[in-house]
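Let me begin by presenting the structure, written as structure tokens, before commenting on it.
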Amino acid sequence: MTHEHLVFGVTIDQIDQLDGLLRTITANGDMVTVGCGEPLHPQTVSSLGEGIFNAALAVREVLDQVQEQRL
């Protein structure tokens, strides 16, 4: 068994941020996938897509911060 050394740390606040952002992505993705029985209005789909995109960018920002946080 090899022992890997920890390289960076993550704060509780960052974990909470990531959790909230992933919930946003999942909820918006569910809405796009499942919908509500009737076809979604194109503007609704666009808004949901923008929400997913923005949340994914925010996840990337948090992960970039985590990567730079050395122990």
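In this text, residue positions in the sequence shown follow the numbering used here: the first is 1, and each later residue adds one.
Quick reminder that beta carbons are idealized off the backbone N, C-alpha and C, glycines included.
As the structure is a prediction and not an experimental result, all values here were calculated from the model.
Item to check | Candidates Val-45, Val-7, Gln-69, Arg-70, of which the one nearest Asn-28 by Cα | outcome: Reading the sequence shown from its first residue, position 28 is the one you call residue 28. Nearest C-alpha to Asn-28: Val-45.
Checklist entry - Ordered along the chain, which non-local residues of its own chain (more than five positions away) have a Cβ less than 7 Å from that of Leu-21? => result For the purposes of this step, residue 21 is taken as residue 21 along the sequence shown, with counting starting at 1. Cβ neighbours of Leu-21 beyond the five flanking positions: Ala-55, Ala-58, Val-59.
Next on the checklist: Do Gln-17 and Val-62 count as a contact pair if the criterion is CB distance below 7 Å?
Outcome noted: Residue 62 sits at position 62 when you count from the first residue of the sequence shown. Residue 17 sits at position 17 when you count from the first residue of the sequence shown. It is a contact, given that the beta carbons lie within the stated cut-off.
Checklist entry - What residues match up with Arg-60 in a beta bridge as DSSP calls it? => result Taking the sequence shown and counting its residues from 1, one reaches residue 60 at position 60. None, per the DSSP bridge assignment.
Checklist entry - Starting from Thr-26 and walking both ways along the alpha helix (DSSP H), at which residues does that stretch end? => result Translated into the one-based positions of the sequence shown, residue 26 becomes position 26. Thr-26 -> alpha helix (DSSP H) spans 12-34.
Checklist entry - Among the residues of its own chain, which have a CB less than 6 Å from the CB of Val-73, if the five just before and after it don't count? => result The requested residue 73 is not part of the displayed model; the chain covers only 1 to 71.
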